[in-house]
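Residue numbers (the numbering used here): 69 to 463.
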Amino acid sequence: MKKLLSYSLIVLAASLASCSNNKSGSQPSESDANKSPGATTGNNAEHKAADNPNGNSSVKLEQVFADPTYQLTGVAISAKGRLFTNYPLWTPSIYKYALVEVLPGNKTQPFPDATMNSWKPGESGKNKWVCVQAVYIDDNDAMWVVDPAAPKLDKVYQQSNKLVKINLNTNKPERTYTFEGVTDEHSYINDVRVDTKRQYAYMTNSGTGGIIVIDLKTGKARQLLQNHYSVHSDKDFKFIIDGKEMMQEGQPVKFDSDGIALTPDGDWLYYKPLTDTKLYRIKTEFLRNDTIPAQKLKGYVEDLGKFAVTDGMTFDKKGNLYLGDPQNSAILQISPDLKMTTLVKDARLIWPDSYSVSKDGYLYVSCSQIQKTPEHNAGVNKRTSPYAIYRLKLP
69 MKKLLSYSLI
79 VLAASLASCS
89 NNKSGSQPSE
99 SDANKSPGAT
109 TGNNAEHKAA
119 DNPNGNSSVK
129 LEQVFADPTY
139 QLTGVAISAK
149 GRLFTNYPLW
159 TPSIYKYALV
169 EVLPGNKTQP
179 FPDATMNSWK
189 PGESGKNKWV
199 CVQAVYIDDN
209 DAMWVVDPAA
219 PKLDKVYQQS
229 NKLVKINLNT
239 NKPERTYTFE
249 GVTDEHSYIN
259 DVRVDTKRQY
269 AYMTNSGTGG
279 IIVIDLKTGK
289 ARQLLQNHYS
299 VHSDKDFKFI
309 IDGKEMMQEG
319 QPVKFDSDGI
329 ALTPDGDWLY
339 YKPLTDTKLY
349 RIKTEFLRND
359 TIPAQKLKGY
369 VEDLGKFAVT
379 DGMTFDKKGN
389 LYLGDPQNSA
399 ILQISPDLKM
409 TTLVKDARLI
419 WPDSYSVSKD
429 GYLYVSCSQI
439 QKTPEHNAGV
449 NKRTSPYAIY
459 RLKLP
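Printed below as a string of C-alpha cells:
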C-alpha cells in the first residue's frame, strides 16, 4: 500500500472551517485525487483535550432513563421530544425487546409494536427486528433503525440485515433497505447518518470494515473503502480501559469502522474505527459518485490525526463534533478548527455509546457499559450500576 500524505494542522483547520463553502455534486478533478493518495500511515498529530472553557462544573449530566437488566446501545430524541433506545441481541438469556420508546416513569413500550419485536431463531428476520444496533432520527423527524441481524455478534442471520425508515407520525415502517450482494455474513452494519436534502444514507460496517452508501430514492447500496486503512483498527493500538487491555477470548479486542457523523451541510462524512484514536473524513460528493474507481476514492480520505477512542459521535448545528471517551468517562467536543475540549467528565459515563441532539439543545448519550460485560472479563460480570441514558445542555 502507498504512503498517505500528512496534512498540517493549519491546512486541516482552514479546510474544516470552510466545509460549508464546498459545493456538493461537482465532479472530482484529477488534481484533487492526487492530494491524498491511499496508504497505511498518515497524520500522527495528537490532539489533547483542554478543560471545559465554561468551567468544569458548568455542564451537568441529567439521567433520563435507566435499565437495571437489559443492555442498551442506541439513543434518539425526536423533534417532539419522544425518546427511543434499542437493545442488541448479544446475550439471548438477558433480552426482551429490540427497540422501545421510553415513557414517563422510566417505563418502555416495544416500538413500533410487539410483533416486530417478537423474532425468534428459525423465523424469518425480514420483517422483524433480529438484533438492533442503532436508532437515528433525521432532520425531517423520520426514524432510521439499523438491524445488523447478527445475534450474539455472530454471522448475519439469513441475509436479514437491514435499514428501516419509520414514519413517527404513523409509527409505521415506510421502507426497508437491504444489503444482499453488498455485505457478507461477517459484516455488522453499525450506525447511520442521513442527508435528507440529497436523499443519501451513510453507514459503517464494524464487522469487516467499510462505508456503505445508499441512494434512498433508488435503494441502491454500495460498500466502499473496504481495503483502506481508515476503516480498520490499528493492529498495534492497545485499548486500555479500567486499567487493563480490553480482551475477549484471550485476544485483544479490535472493532473496525464504527463511529460516523455527517456535517450539518451534508458535505463531509467523519468516521473512525473504534479501537484506536484516529479520526478521518471524506467529502460526500466522492462517496456518491459511483464512477470513481476504488483506488482513486482512497485518495480523497483525509486523516485528521489522533483524538480519542470513541464509539459513536455526532455533530450539532454549529459544526461542533461530539464524541465519547470511555477510557476517561468523558464527553469531548471538537470545534470546527479541530480544538478538542473535555465537555464533561463523570464516573457514570461508563462506555458512552451513542448520541442524539435534541431540538432544544441537549445532547443525549447512552451508556452501554460494554467493558463491564462477562465477555470482556473472563466470564465475570463487572457491572454495578444500571445501563443508562443521560442528557446535558450544550454550551
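Heads up, the beta-carbon is just placed ideally off N, CA and C, and yes, glycines get one too. Keep in mind the model is a prediction, meaning the values are calculated, not measured.
#1: Taking Thr160 as the reference, give the member of Leu221, Lys148, Gln131 with the closest Cα.
#2: For Ile418, I'd like the list of residues in its chain whose CB is within less than 6 Å of its CB, leaving aside the five on either flank, ordered along the chain.
#3: Does the Cβ-Cβ distance between Leu389 and Tyr430 come in under 8 Å?
#4: For Lys240, which residues of its own chain have a beta-carbon under 8 Å away from its beta-carbon, when the five flanking residues on both sides are left out?
#5: Checking the sheet assignment: what are the DSSP bridge partners for Phe305?
#6: Put Val299 into one of helix, strand or coil per three-state DSSP.
#7: Determine the burial state of Gly287: buried for a count of at least 16 other Cβ atoms within 10 Å of its Cβ, exposed for fewer.
#8: Between the Cα of Ala118 and those of Pro136, Lys285, Ala202, Ser403, spot the shortest distance and give me the residue it belongs to.
#9: Compute the distance between the beta-carbons of Ser298 and Tyr348, then report whether it is under 8 Å.
#10: Can you tell me the Cα-Cα spacing of Asn445 and Lys306, whole angstroms?
#11: On the three-state DSSP scale, how would you describe Pro219?
#12: Check each candidate in Val412, Ser424, Ser274 and name the one with the smallest Cα separation from Lys128.
#13: Under 8 Å, do Ile279 and Leu231 count as touching if we go by C-beta distance?
#14: For chain C, is any of its Cβ atoms less than 8 Å away from the one on Ser255?
#15: Excluding five sequence neighbours on each side, which residues of the same chain lie with their C-beta closer than 7 Å to the C-beta of Phe354?
#16: Who pairs with Gln291 in a beta bridge, going by DSSP?
#17: Leaving out five residues before and five after Glu253 in sequence, what residues of the same chain have Cβ atoms less than 7 Å from its Cβ?
#18: Please report the residue range of the alpha helix (DSSP H) in which Gln363 lies.
#19: Check whether the Cβ atoms of Asn273 and Ser325 lie closer than 8 Å to each other.
#20: Less than 7 Å separating the Cβ of Trp187 from some heavy atom of the ligand ZN?
#21: Pop quiz: Ala456 and Arg416 are said to be a contact at Cβ under 8 Å. What is the actual Cβ separation, rounded to whole angstroms?
#22: Quick test of your reading: Tyr163 and Leu157, contact by CB under 8 Å. State the CB separation rounded to the nearest angstrom.
#23: Just to confirm my understanding: we take Gln131, look at its own chain, exclude 5 residues before and 5 after, and list those with CB closer than 7 Å. What are they?
#24: Check whether the segment 187-206 and the segment 132-148 touch, using three or more Cβ-Cβ pairs below 8 Å as the test.
#25: What three-state label does DSSP hand Phe152 in the structure shown?
#26: Which residues in the same chain as Lys351 place their Cβ atom closer than 7 Å to its Cβ, once the five residues preceding and following it in sequence are excluded?
#27: Can you find the residues in the same chain that come closer than 8 Å, C-beta to C-beta, to Leu151, ignoring five residues on each side of it along the sequence?
#28: Restricting to Cα atoms, I'd like to know which of Lys322, Ala210, Ile257, Asp371 is closest to Glu114.
#29: Restricting to Cα atoms, I'd like to know which of Asp209, Gln291, Glu242, Asp384 is closest to Gly249.
#30: Check whether the Cβ atoms of Ala218 and Gly193 lie closer than 8 Å to each other.
#31: Restricting to Cα atoms, I'd like to know which of Gln439, Pro172, Asn449 is closest to Thr141.
#32: What did DSSP end up calling Leu372 once you bin it into helix, strand or coil?
#33: Quick one: residues in its chain with C-beta nearer than 7 Å to the C-beta of Gly93, no 5 flanking neighbours on either side, listed in chain order?
Short version:
#1: Note on residue identity: the sequence assigns Pro, not Thr, to residue 160. Of the candidates Leu221, Lys148, Gln131, the one whose C-alpha sits nearest the C-alpha of Pro160 is Leu221.
#2: Cys435, Gln437
#3: Going by C-beta atoms, Leu389 is not nearer than 8 Å to Tyr430.
#4: Pro180, Ile234
#5: In the DSSP output, where bridge partners are listed per residue, Phe305 has none listed.
#6: helix
#7: An exposed status is given to Gly287, since fewer than 16 other beta-carbon atoms sit within 10 Å of its beta-carbon.
#8: Ser403
#9: yes
#10: 16 Å
#11: helix
#12: Val412
#13: no
#14: Note that chain C does not occur in the displayed structure, where there is just one protein chain.
#15: Pro96, Ile360, Leu365, Tyr368
#16: Ile280
#17: Lys223, Val224
#18: That run of the alpha helix (DSSP H) goes 362-366.
#19: yes
#20: Of ligands this structure carries none, so the ligand ZN is not represented either.
#21: 7 Å
#22: 6 Å
#23: Ala456, Tyr458
#24: yes
#25: If DSSP states are grouped into helix, strand and coil, Phe152 belongs with the strands.
#26: Asn90, Asp335, Trp336, Tyr368
#27: Val132, Phe133, Val143, Ala144, Ile145, Glu169, Val170, Tyr432, Ile457
#28: Asp371
#29: Cα-wise, what sits closest to Gly249 is Gln291.
#30: no
#31: The shortest C-alpha to C-alpha distance from Thr141 to any of Gln439, Pro172, Asn449 is the one to Gln439.
#32: Note: Leu372 maps to strand in three-state DSSP.
#33: Note on Gly93: pLDDT 36, under 50, position unreliable in the model; the coordinate value appears next. Around Gly93: Glu353.
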